[in-house]
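**Student:** Here you go, one structure.
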Amino acid sequence: MRSTTSVAAVRQPLLHGLDVGGLRLPNRVVMASATRARAVNSGLVPTELHAAYYAQRASAGLIVTEGTWVSERAIGFAHVPGIFTEEQVAGWRQVTELVHTAGGRILLQLWHTGGAAHPDLLGGEVPVAPSAVNPGEMSFTPTGFQPTVTPRALTAAEVAGTVAEYGRAAENGRRAGFDGVEIHAIGPYLIPQFLNPRLNTRQDAHGGDAARRRRFLLEVVDAVAEPFGGRAVGVRLSPYWNIGELFDDSEATLRDYDALVAELDDRPVAYLHLRGRDTAEGGAPDLAAFARFRRLFHRPLIANNGFGAESGNGVVEAGLADAVSFARHFIANPDLVSRLALRRELSPGDPDTYYSGGARGYVDYPLTDWTGGSR
Ligand SMILES: Cc1cc2nc3c(=O)[nH]c(=O)nc-3n(C[C@H](O)[C@H](O)[C@H](O)COP(=O)(O)O)c2cc1C
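Residue numbers (this note's numbering): 188 to 562.
The structure is reproduced here in structure tokens:
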């Protein structure tokens, strides 16, 4: 007679292996990028604490790091690490070495906040953006959340320079031992600002119509693909982002994303990481959100936003995604893969410690105690 637990594990679609960009994932449970604001040092260097945090989660099929600054100009959130200095490269190297030693695979997420930054994070300088339009966001500064200001429009030469910064950041990531990179193109940050006609009013090669607005992202794809020989480079998109007055998920916006995803399909993009529609707490994710883009992209698709054990297995089983990423569950459950496999209860996280700095709420989430409770 077979044991019920082994039957449960074997049948779960999330527990089957998957090839992504030349990497062999032992399961389809991806750790989604999550900013944790633990680089509380003047050089924005990842520390031993970062290494411990990611190594604790090395059983994930794939880890995507927190968003990481491609350059000093990219900074828009306090205590987030960068990948633009040698000190940062060395700090990340100890992270990748420990994750690899623990048997994991880890990609670096490349982030630039553009106009969603704040002068207090930029030595008093005004943030840069596609156009001088205030995105109306809140920026997390050393003194707490503050409203954004009107940014300065990048010159054409600065746009090219920013693309080059992404390329250098990817090369630094390769030297730091990462298995690849993911381009952070979600939320209200620099790349979605370029894509958005209300925030990008440029009339040059990078603005004017949807094809020109997506040029910046496509140039970034080519720049970061080079150091990795075009292999493990992923793009993360949030077509359904509709927070604030300037972002919407209207049919016009979604049609622009259709065209973008079709173009990404023709580029050296190893996977598409799609953040679906927001769902009410505990509600089931809207699978139609993934079906729309699934038919336009022919390499692995990673689904995200509000998934749990049942819905995660369901979206893979239905063929609408190849893998599922979890952010909040991975923050609170370092042994998420085992818990899903053996259908154990998932621990709730503590949002108060998401950005609080220090070890508490970062590396002290307990493993399941297989004798009964939690230790
Ligand atoms: C604390 C926190 C930090 C986050 N930071 C990032 C980030 O740096 N980059 C990113 O692409 N998404 C970030 N996200 C979004 C998550 O990756 C994910 O899209 C969101 O939490 C929904 O997925 P979930 O339901 O599995 O948590 C963050 C989310 C949380 C809760």
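Where is the CB? At the ideal position from N, CA and C, for every residue including glycine.
Every value quoted in this text rests on a predicted model; they were computed, and no experiment measured them.
Express the C-alpha separation of H393 and G345 in angstroms, rounding to a whole number.
**Tutor:** Translated into the one-based positions of the sequence shown, residue 345 becomes position 158. Translated into the one-based positions of the sequence shown, residue 393 becomes position 206. The question names Gly, yet the displayed sequence has Glu at residue 345. Distance between the alpha carbons of E345 and H393: 12 Å.
**Student:** To the nearest angstrom, report how far apart Q296 and V267 are at their CA atoms.
**Tutor:** One-based indexing of the sequence shown puts residue 296 at position 109. One-based indexing of the sequence shown puts residue 267 at position 80. Going by the C-alpha atoms only, they are around 12 Å apart.
**Student:** Using 8 Å as the Cβ pair cut-off and three pairs as the minimum, do the stretch 274-291 and the stretch 258-266 touch?
**Tutor:** Contact fails: fewer than three Cβ-Cβ distances are below 8 Å.
**Student:** In the DSSP assignment, find the unbroken beta strand (DSSP E) run with F264 in it and report its ends.
**Tutor:** Here residue 264 refers to the residue found at position 77 when the sequence shown is read from its first residue. No beta strand (DSSP E) holds F264; DSSP gives it neither H nor E.
**Student:** Does T252 pass the burial test, meaning 16 or more other C-beta atoms within 10 Å, or should it be called exposed?
**Tutor:** The sequence position of residue 252 within the sequence shown is 65, counting from 1. The residue is buried, with at least 16 neighbouring Cβ atoms inside 10 Å.
**Student:** I believe G302 touches Q380 by the beta-carbon criterion, under 8 Å. Please report the beta-carbon distance rounded to the nearest angstrom.
**Tutor:** Numbered from its first residue, the sequence shown carries residue 302 at position 115. Numbered from its first residue, the sequence shown carries residue 380 at position 193. G302 to Q380, Cβ: 6 Å. Contact.
**Student:** Helix, strand or coil for L201 per DSSP?
**Tutor:** As a working note, residue 201 is residue 14 in the sequence shown. Under the three-state reduction of DSSP output, L201 falls in the helix class.
**Student:** Ligand 2 and A514: does the residue's C-beta get closer than 7 Å to at least one heavy atom of that ligand?
**Tutor:** Among the ligands present in this structure, namely ligand 1, ligand 2 is not found.
**Student:** Under the three-state reduction of DSSP, which class applies to P213: helix, strand or coil?
**Tutor:** Position 26 of the sequence shown holds residue 213. P213: coil per DSSP, three-state reduction.
**Student:** So is G548 buried or exposed if we call it buried at 16+ other beta carbons inside 10 Å?
**Tutor:** As a working mapping, residue 548 is identified with position 361 in the sequence shown. Answer is buried; the Cβ neighbour count reaches 16.
**Student:** With a CB to CB cut of under 6 Å and the five nearest residues on each side skipped, what residues in its chain are close to A514?
**Tutor:** Translated into positions along the sequence shown, residue 514 becomes position 327. Closer than 6 Å at Cβ, skipping near neighbours: A219 and A221.
**Student:** In the structure shown, what three-state DSSP assignment does S525 receive?
**Tutor:** Numbered from its first residue, the sequence shown carries residue 525 at position 338. Here S525 sits in helix by DSSP.
**Student:** Answer yes or no: the CB of H266 versus the heavy atoms of ligand 1, is any distance below 7 Å?
**Tutor:** Start at 1 with the first residue of the sequence shown, and residue 266 comes out as number 79. No, the Cβ of H266 stays beyond 7 Å of every heavy atom of ligand 1.
**Student:** Count the other C-beta atoms from every protein chain shown that fall within 10 angstroms of the C-beta of A357, then say buried if there are 16 or more, exposed otherwise.
**Tutor:** Here residue 357 refers to the residue found at position 170 when the sequence shown is read from its first residue. It counts as buried.
**Student:** What did DSSP end up calling F477 once you bin it into helix, strand or coil?
**Tutor:** Walking along the sequence shown from the start, residue 477 turns up at place 290. Note: F477 maps to helix in three-state DSSP.
**Student:** Alpha carbon to alpha carbon, how far is D537 from R562? Give it in angstroms, no decimals.
**Tutor:** For the purposes of this step, residue 562 is taken as residue 375 along the sequence shown, with counting starting at 1. For the purposes of this step, residue 537 is taken as residue 350 along the sequence shown, with counting starting at 1. With a pLDDT of 46 at R562, under the threshold of 50, the modelled position of that residue is not reliable, and no figure is offered here.
**Student:** If you count every other CB in all the chains shown that lies within 10 Å of the CB of D443, and 16 or more means buried, which is it?
**Tutor:** As a working note, residue 443 is residue 256 in the sequence shown. Result: buried.
**Student:** Could you tell me whether the Cβ atoms of L529 and H516 are closer together than 8 Å?
**Tutor:** On the sequence shown, position 342 is the one that residue 529 refers to. On the sequence shown, position 329 is the one that residue 516 refers to. Contact flag unset, no.
**Student:** Considering just the uninterrupted stretch of the beta strand (DSSP E) at Q390, what are its terminal residues?
**Tutor:** Stepping through the sequence shown from its first residue, residue 390 is reached at position 203. Segment: none, Q390 is in no beta strand (DSSP E) and carries neither H nor E.
**Student:** Which runs of the beta strand (DSSP E) at least 3 residues long sit entirely within the stretch 229-297? Give them in chain order.
**Tutor:** 249-256
**Student:** What residues match up with D576 in a beta bridge as DSSP calls it?
**Tutor:** As shown, the chain starts at 188 and ends at 562. That puts residue 576 outside it, with no answer to give.
**Student:** How many angstroms separate the CA atom of R400 from the CA atom of I370?
**Tutor:** Locating residue 400 in the sequence shown gives position 213, where the first residue counts as 1. Locating residue 370 in the sequence shown gives position 183, where the first residue counts as 1. The alpha-carbon of R400 is positioned some 16 Å away from that of I370.
**Student:** Would you say Y427 touches ligand 1, meaning its beta carbon is less than 7 Å from a heavy atom?
**Tutor:** Residue 427 sits at position 240 when you count from the first residue of the sequence shown. Judged by the Cβ position, Y427 fails to qualify as a neighbour of ligand 1 at the 7 Å threshold, every heavy atom of the ligand being at least this far.
**Student:** Is V207 near A419, with beta carbons less than 8 Å apart?
**Tutor:** Within the sequence shown, residue 207 is the residue found at index 20, counting from 1. Within the sequence shown, residue 419 is the residue found at index 232, counting from 1. Taking a C-beta distance under 8 Å as the contact criterion, V207 and A419 qualify as a contact pair.
**Student:** Using 8 Å for Cβ pairs, my map puts V368 next to V407. What's the rounded Cβ distance?
**Tutor:** Counting from 1 along the sequence shown, the entry for residue 368 is found at position 181. Counting from 1 along the sequence shown, the entry for residue 407 is found at position 220. At roughly 10 Å, the Cβ-Cβ gap does not stay under 8 Å, so V368 and V407 are not in contact.
**Student:** Among G354, G230 and Y241, which has the Cα closest to the Cα of V286?
**Tutor:** Translated into the one-based positions of the sequence shown, residue 286 becomes position 99. Closest option to V286, Cα to Cα, is Y241.
**Student:** Do H371 and ligand 1 come close, with the Cβ less than 7 Å from some heavy atom?
**Tutor:** Locating residue 371 in the sequence shown gives position 184, counting from the first residue. Yes, since a heavy atom of ligand 1 falls inside the 7 Å radius drawn around the Cβ of H371.
**Student:** If you drop the 5 nearest sequence neighbours on each side, which residues of the same chain put their C-beta closer than 8 Å to that of A239?
**Tutor:** Your numbering for residue 239 matches position 52 in the sequence shown. Hits under 8 Å: L285 and V550.
**Student:** With a threshold of 6 Å on Cβ separation, who are the neighbours of N491 within its own chain once the five nearest residues in sequence on each side are excluded?
**Tutor:** Position 304 of the sequence shown, counted from the start, is the residue given in the question as residue 491. Excluding sequence neighbours, N491 sits near A219, R462 and S512.
**Student:** Which whole runs of the beta strand (DSSP E) in the stretch 333-393 are 3 residues long or more, in chain order?
**Tutor:** Fully enclosed beta strand (DSSP E) runs of 3 or longer: 367-372.
**Student:** Beta-carbon separation of L527 and L210 under 8 Å?
**Tutor:** Stepping through the sequence shown from its first residue, residue 527 is reached at position 340. Stepping through the sequence shown from its first residue, residue 210 is reached at position 23. Result no, Cβ atoms of L527 and L210 do not sit closer than 8 Å.
**Student:** Can you grab the Cα-Cα spacing for the pair F494 / N228, in whole Å?
**Tutor:** Mapped onto the sequence shown, residue 494 falls at position 307. Mapped onto the sequence shown, residue 228 falls at position 41. A straight-line Cα-Cα distance of about 34 Å links F494 and N228.
**Student:** Quick one: grab the DSSP three-state call for S437.
**Tutor:** What you label residue 437 is simply residue 250 of the sequence shown in a count that begins at 1. If DSSP states are grouped into helix, strand and coil, S437 belongs with coil.
**Student:** Quick check: the Cα distance between Q199 and N500, rounded to an integer number of angstroms?
**Tutor:** For this step, residue 199 is matched to residue 12 along the sequence shown. For this step, residue 500 is matched to residue 313 along the sequence shown. Straight-line Cα distance between these residues: approximately 6 Å.
**Student:** By how many angstroms is the C-alpha of T388 removed from the C-alpha of L554?
**Tutor:** Locating residue 554 in the sequence shown gives position 367, counting from the first residue. Locating residue 388 in the sequence shown gives position 201, counting from the first residue. Answer to the nearest angstrom: the Cα atoms are 50 Å apart.
**Student:** If you draw a straight line from the alpha carbon of G374 to that of S425, how long is it in whole angstroms?
**Tutor:** As a first step, residue 374 is located in the sequence shown; it is residue number 187 there, counting from the start. As a first step, residue 425 is located in the sequence shown; it is residue number 238 there, counting from the start. Roughly 6 Å separates the two Cα atoms.
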